[in-house]
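Engineer: Chains A, B and C are the protein sequences, given in the same order. Note that the first sequence ends on residue 359 in the working numbering; no numbers are left out. Note that the second sequence ends on residue 359 in the working numbering; no numbers are left out. Note that the third sequence ends on residue 359 in the working numbering; no numbers are left out.
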Amino acid sequence: MTDSRFYRREGPFSLARLAEISGGSLSDAAMAERMITDVAPLYRAGADDISFLDNRKYVQAFETCAAGACVVHPELAEMAPAGMGLIITPEPYRAYAVIAHAFYPQSRVVAEVSPHAVIDPTAKVGEGCRIEAGVVIGAGVEIGARCHICANAVLREGVVLGNDCTIGSNATISYAILGNKVWIHAGAAIGQDGFGFAMGPKGHLKVPQLGRVIIQDDVEIGANTTIDRGAGPDTVIGEGCRIDNLVQIGHNVELGRGCVLVAQVGVSGSTRLADFVVAGGQSGITGHLKIGAGARIGAQSGVMRDVPAGQTVIGSPAVPAKEHWRQIGMLERLAAKKHGA
Amino acid sequence: MTDSRFYRREGPFSLARLAEISGGSLSDAAMAERMITDVAPLYRAGADDISFLDNRKYVQAFETCAAGACVVHPELAEMAPAGMGLIITPEPYRAYAVIAHAFYPQSRVVAEVSPHAVIDPTAKVGEGCRIEAGVVIGAGVEIGARCHICANAVLREGVVLGNDCTIGSNATISYAILGNKVWIHAGAAIGQDGFGFAMGPKGHLKVPQLGRVIIQDDVEIGANTTIDRGAGPDTVIGEGCRIDNLVQIGHNVELGRGCVLVAQVGVSGSTRLADFVVAGGQSGITGHLKIGAGARIGAQSGVMRDVPAGQTVIGSPAVPAKEHWRQIGMLERLAAKKHGA
Amino acid sequence: MTDSRFYRREGPFSLARLAEISGGSLSDAAMAERMITDVAPLYRAGADDISFLDNRKYVQAFETCAAGACVVHPELAEMAPAGMGLIITPEPYRAYAVIAHAFYPQSRVVAEVSPHAVIDPTAKVGEGCRIEAGVVIGAGVEIGARCHICANAVLREGVVLGNDCTIGSNATISYAILGNKVWIHAGAAIGQDGFGFAMGPKGHLKVPQLGRVIIQDDVEIGANTTIDRGAGPDTVIGEGCRIDNLVQIGHNVELGRGCVLVAQVGVSGSTRLADFVVAGGQSGITGHLKIGAGARIGAQSGVMRDVPAGQTVIGSPAVPAKEHWRQIGMLERLAAKKHGA
Chain A
19 MTDSRFYRRE GPFSLARLAE ISGGSLSDAA MAERMITDVA PLYRAGADDI SFLDNRKYVQ
79 AFETCAAGAC VVHPELAEMA PAGMGLIITP EPYRAYAVIA HAFYPQSRVV AEVSPHAVID
139 PTAKVGEGCR IEAGVVIGAG VEIGARCHIC ANAVLREGVV LGNDCTIGSN ATISYAILGN
199 KVWIHAGAAI GQDGFGFAMG PKGHLKVPQL GRVIIQDDVE IGANTTIDRG AGPDTVIGEG
259 CRIDNLVQIG HNVELGRGCV LVAQVGVSGS TRLADFVVAG GQSGITGHLK IGAGARIGAQ
319 SGVMRDVPAG QTVIGSPAVP AKEHWRQIGM LERLAAKKHG A
Chain B
19 MTDSRFYRRE GPFSLARLAE ISGGSLSDAA MAERMITDVA PLYRAGADDI SFLDNRKYVQ
79 AFETCAAGAC VVHPELAEMA PAGMGLIITP EPYRAYAVIA HAFYPQSRVV AEVSPHAVID
139 PTAKVGEGCR IEAGVVIGAG VEIGARCHIC ANAVLREGVV LGNDCTIGSN ATISYAILGN
199 KVWIHAGAAI GQDGFGFAMG PKGHLKVPQL GRVIIQDDVE IGANTTIDRG AGPDTVIGEG
259 CRIDNLVQIG HNVELGRGCV LVAQVGVSGS TRLADFVVAG GQSGITGHLK IGAGARIGAQ
319 SGVMRDVPAG QTVIGSPAVP AKEHWRQIGM LERLAAKKHG A
Chain C
19 MTDSRFYRRE GPFSLARLAE ISGGSLSDAA MAERMITDVA PLYRAGADDI SFLDNRKYVQ
79 AFETCAAGAC VVHPELAEMA PAGMGLIITP EPYRAYAVIA HAFYPQSRVV AEVSPHAVID
139 PTAKVGEGCR IEAGVVIGAG VEIGARCHIC ANAVLREGVV LGNDCTIGSN ATISYAILGN
199 KVWIHAGAAI GQDGFGFAMG PKGHLKVPQL GRVIIQDDVE IGANTTIDRG AGPDTVIGEG
259 CRIDNLVQIG HNVELGRGCV LVAQVGVSGS TRLADFVVAG GQSGITGHLK IGAGARIGAQ
319 SGVMRDVPAG QTVIGSPAVP AKEHWRQIGM LERLAAKKHG A
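1) Identify whether B:S192 lies in helix, strand or coil by the three-state DSSP scheme.
2) By Cβ distance, which residues of its chain are closer than 6 Å to B:V363, with the 5 residues on each side in sequence left out?
3) Classify B:L33 as helix, strand or coil using the three-state DSSP reduction.
4) Taking CB distances under 7 Å as the criterion, tell me whether C:N181 reaches chain A.
5) Work out the CA separation of A:A292 and C:G146 for me, nearest whole Å.
6) Near A:P108, what residues of its chain come up, given a Cβ to Cβ distance below 8 Å and the 5 sequence neighbours on each side ignored?
7) Could you give the residue range of the beta strand (DSSP E) that holds B:V89?
8) Would A:G212 pass as a contact of A:D246 if the rule is Cβ separation under 7 Å?
9) Name the chain C residues that come within less than 7 Å of B:Q318, Cβ to Cβ?
10) Reducing DSSP to helix, strand and coil, say where B:H222 ends up.
11) Consult DSSP for C:H203 and reduce its assignment to one of helix, strand or coil.
12) Pick from A:V143, A:I68, A:V116 and A:P123: whose alpha carbon is nearest that of A:A98?
13) So is B:R290 in contact with chain A if we call contact Cβ pairs under 7 Å?
14) Here's the rule I'm using: 16 or more other beta-carbon atoms within 10 Å means buried, otherwise exposed. How should C:E51 be labelled?
15) Taking a cut of 8 Å between CB atoms, which residues from the region 230–245 of chain C lie near chain A?
16) Enumerate in chain order the residues of its own chain whose CB-to-CB distance from B:E160 is below 6 Å, with the five nearest sequence positions on each side excluded.
17) Within this structure, are the beta carbons of C:G327 and C:G310 separated by less than 7 Å?
18) Determine the burial state of C:I149: buried for a count of at least 16 other Cβ atoms within 10 Å of its Cβ, exposed for fewer.
19) Taking 7 Å as the threshold (C-beta atoms), are B:G64 and B:A84 in contact?
20) Look at the Cβ atom of A:A169, then the Cβ atom of A:S187, and state whether they are nearer than 7 Å.
21) So is B:G152 in contact with chain A if we call contact Cβ pairs under 7 Å?
22) Tell me whether C:V90, by its Cβ, gets closer than 6 Å to a heavy atom of the ligand FMN.
23) Starting from C:E77, follow the alpha helix (DSSP H) in both directions and report where the run begins and ends.
24) So, with DSSP's three-state summary, where would you put B:A47?
25) Just mark B:G176 as buried or exposed, buried being the case when its beta carbon has 16 or more other beta carbons within 10 Å.
26) Relative to the C-alpha of A:Q345, which residue among C:L352, C:R344, C:H342 and C:A339 is closest?
27) In the region 193–208 of chain A, which residues sit with their C-beta less than 9 Å from some C-beta in chain B, listed in chain order?
28) When you compare the CB positions of C:Q266 and B:A204, do they come within less than 7 Å of one another, or not?
29) Going by beta carbon distance, what residues of the same chain come within less than 6 Å of B:I332, once the five residues before and after it are set aside?
30) Please tell me whether A:D235 and A:G197 are closer than 7 Å, where the distance is taken between their beta carbons.
31) What residue ranges within the region 219–272 of chain A form continuous alpha helix (DSSP H) runs of no fewer than 4 residues, ordered along the chain?
32) So is C:N263 in contact with chain B if we call contact Cβ pairs under 7 Å?
33) Distance check for C:A113 and A:A216, CA to CA, integer angstroms please.
34) Could you check the C-alpha separation between A:L104 and A:Y122 for me, to the nearest Å?
35) Give the C-beta separation of A:A94 and A:V77 to the nearest angstrom, bearing in mind that I take them to be a contact with Cβ-Cβ under 8 Å.
36) On the DSSP letters alone, give me the boundaries of the beta strand (DSSP E) that B:V331 sits inside.
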């Protein structure tokens with residue numbers, strides 16, 4: 019059961035309805051009218067809850083689970099305890115997401131501009147926006163409809179937001195043009211100067227940073243993540259990207275559509291990621307590289323060369339995954355042999 | 019001497035008194051009445067100061083130190099310069115901490131609610147709190163006694179704080195229940211959505227994040243650290259944990275009591291650390307793992323498997339420490355041989 | 019062309035003038051009076067723009083570039099397309115920086131104290147400062163002339179700023195003394211408690227942190243970077259240092275002049291870097307080390323031992339660069355041989 023301090027629930031819904039909206043199929047038509055009142059994790063779900071099994075690590079929890087219903091892959095359905103209602107689908111996590119959205123729809127933004135926000139008279143705020151206390155909005159800013167600007171966020175001069183954006187508390191946005199449905203979490207810093215200077219033994223000379231950050235539609239950017247604006251070209255975050263917390267993106271970087279950067283990733287200046295690249299936590303990519311579409315970069319890897327489309331690389335320096343595991347295996351064997359282990 | 023802009027000092031105290039409160043023993047009873055007016059580092063301490071020696075790297079500085087007194091381990095006491103008063107204890111750093119607290123007690127929170135804070139009328143603020151300018155406190159928030167909420171911090175709807183908590187400037191707290199004596203430093207972001215979505219080639223579907231962050235008593239969380247709330251279960255930070263700056267903690271993570279996470283550590287979703295686990299700087303732990311009580315993870319390590327209680331692991335991927343050093347040593351020897359070095 | 023929402027341009031300038039101010043030489047005197055109106059990247063520059071070639075990766079873009087002029091190294095000048103005006107210099111990036119500053123000079127701070135800033139009556143604000151809305155300035159703070167304190171930044175009690183400093187939005191500065199021309203970007207947290215406590219099985223005892231952060235002249239500190247104050251000694255950032263985003267600097271660390279720390283670097287407590295040390299992205303340096311002048315630390319490296327002046331180290335644990343590449347090469351060969359590749 020979710021905490022009513024923080025969450026308001028819709029429902030209940032019949033299993034048949036949940037199967038329908040999630041695109042899954044009901045394992046037993048007799049259970050179509052079973053009413054479900056909430057979602058819950060496997061270990062905590064009761065007779066009125068629906069849960070899901072996506073990671074095989076949790077099969078045991080599934081087998082002993084008391085949930086009234088569960089979303090599950092066809093291959094694992096037979097492990098279900100007797101009496102559990104099953105919604106069967108090849109994509110249980112996605113189906114669960116749809117169901118959870120039904121119980122907990124994203125709350126509509128309540129239009130309200132706090133008298134404690136400071137909004138420059140030249141800024142334009144669209145219809146239905148919520149601007150909380152302590153927000154500071156600079157000259158010439160343009161905000162689309164139904165945006166939610168959380169307490170103490172700052173939108174500096176000239177920033178543009180599309181519709182339905184959320185800017186978290188204490189985030190700072192400058193030199194940036196955002197599309198629709200962009201969600202920036204608390205404390206993110208977007209648009210500051212890139213790390214550009216001409217190094218020299220007598221001191222480092224700053225290079226003016228003259229570009230912007232362009233964030234396309236439907237992008238989510240994590241808490242305390244930093245994205246520098248372009249040095250002359252723009253820094254571009256493609257449609258549908260998901261960027262986790264504490265990620266660093268240097269100037270002139272371009273991400274294609276649907277890229278996923280896990281927490282604490284760093285992408286150095288002028289590197290380009292094509293569509294749907296996935297970079298694991300704490301991995302780093304040096305500057306001026308090209309990472310092909312669908313490439314996957316292992317956690318903590320250090321990418322120093324271009325990566326072809328579709329390739330998985332791991333290690334620091336990163337090499338193709340097979341080669342990496344071969345090296346790791348060989349190292350283990352040699353070290354064991356040497357010590358007669 | 020500390021800077022009077024920032025610090026106010028108590029004292030002086032006699033050496034006998036300092037030995038007593040710190041639980042150490044005085045090496046020379048004749049020095050019991052020597053008066054000490056301040057603490058100071060070895061290289062800077064004078065005749066009226068007390069210093070400490072904890073790290074053997076600084077034995078040389080100890081031998082030439084001008085401090086009137088020093089806290090020291092029995093094994094190193096004989097290296098002391100003539101005339102120095104010694105407080106001898108097997109835990110010099112801990113004893114020094116107690117003594118430093120005597121000279122510089124944590125200042126009592128001065129009760130005051132700034133007229134420049136914005137506090138929702140439904141929020142409850144306990145006795146003796148200090149709420150600084152620019153703080154924004156949302157609907158239904160409950161704050162215990164003697165809390166200090168620093169300028170421009172944000173406590174979003176429904177957040178609960180126990181007694182004696184400190185929330186640093188520009189920190190953002192949401193969807194969180196905090197115990198007593200929790201100290202969150204500037205810029206930390208606690209409680210935002212976890213990185214949860216069903217990936218797909220046509221786009222990534224957000225999964226509603228329905229849990230909370232539970233922070234138990236006596237926890238310290240560093241500047242700009244990020245802790246995501248649970249996806250359905252809660253994210254839990256156990257009593258007495260110490261979390262450094264720029265650490266990332268994913269949704270559903272559970273830390274036991276007294277864990278220590280050094281700066282820039284990342285813990286991926288649903289991983290559980292038992293009590294008193296220590297993770298070195300920049301190390302990462304992948305998701306859905308179990309790290310046993312008292313395990314130690316080397317700096318920059320990448321943990322991909324469960325770690326048994328008490329084990330030390332190092333490397334990326336992390337292996338038991340002995341194995342790691344064996345591999346490193348072998349690699350060095352082979353590379354040297356190959357090149358006739 | 020830069021976005022007029024964000025940038026205001028000076029000029030035009032003749033090529034002769036640009037050569038003069040940048041210290042380069044004009045390849046063709048006949049082009050001295052060619053008028054240049056803007057700077058632009060190679061791939062986007064037109065007949066009225068000046069661009070630059072610094073990284074050999076972009077020679078191809080240079081060869082087909084339509085820029086009216088370009089700053090280039092003497093060795094690459096001959097690759098220029100016909101008709102392009104050339105400013106030739108051994109330091110093209112530095113010369114470009116000077117030229118870009120001519121077109122886009124740093125805007126003068128417009129003196130203005132927002133009525134929505136909260137400034138303690140005991141604080142002193144110098145002439146010509148701009149203090150934006152939502153800024154909170156504590157008791158006893160001293161701010162020099164022409165400083166720019168951006169919206170929602172916090173300067174806590176006793177902080178001192180020299181002249182011409184910029185403090186980004188949502189940054190928090192405490193227990194710190196800043197020189198002149200210090201630029202701190204959005205969200206940085208400077209001066210909070212270091213990670214100091216005496217560990218123990220029954221709990222960790224906090225050690226009072228009694229030092230400051232001293233930041234010398236002409237330092238730039240990136241967004242969401244964290245710098246802890248000293249524990250007793252000070253944390254010191256030397257003149258001219260450039261620190262990128264999301265960097266962590268522990269208590270008592272000392273950086274010499276002109277050090278460059280790339281994003282996500284971590285420097286543990288009490289380590290000293292001499293002048294002009296460069297640390298690549300995501301590298302880490304353990305505590306109590308000495309890194310010699312001009313040393314270079316590779317990206318993602320983990321430094322566990324002192325590094326002599328001028329040495330380049332790479333790897334985790336870090337070893338001299340040659341040794342590192344030898345190890346990497348041997349590992350690749352052995353793994354390939356083992357598998358008959």
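Positions of the beta carbon are idealized from the N, C-alpha and C atoms, including for glycine. Note that this is a predicted model, so its numbers are computed, not measured.
Structural biologist: Well, looking at it:
1) coil
2) For chain B, the structure presents residues 19 to 359; residue 363 of chain B sits outside this window and is missing.
3) helix
4) no
5) 47 Å
6) H91 and P92
7) A87 to V90
8) yes
9) G302, G320 and S334
10) coil
11) coil
12) A:I68
13) no
14) exposed
15) D236, E238, G240, A241 and N242
16) K142 and V178
17) Note on identity: in this sequence residue 327 of chain C is Ala, with Gly being the wrong assignment. Yes, they are a contact pair.
18) buried
19) yes
20) yes
21) yes
22) This structure does not include the ligand FMN; it has no bound ligands of any sort.
23) Residue identity differs from the one stated: residue 77 of chain C is Val in this sequence, not Glu. C:V77 -> alpha helix (DSSP H) spans V77 to E81.
24) helix
25) buried
26) C:L352
27) W201, H203, A204, G205 and A206
28) no
29) G316, S319, A339 and H342
30) yes
31) none
32) no
33) 9 Å
34) 21 Å
35) It should be pointed out that residue 94 of chain A corresponds to Leu in this sequence rather than to Ala. The pair is a contact, with the Cβ atoms about 7 Å apart (cut-off 8 Å).
36) T330 to I332
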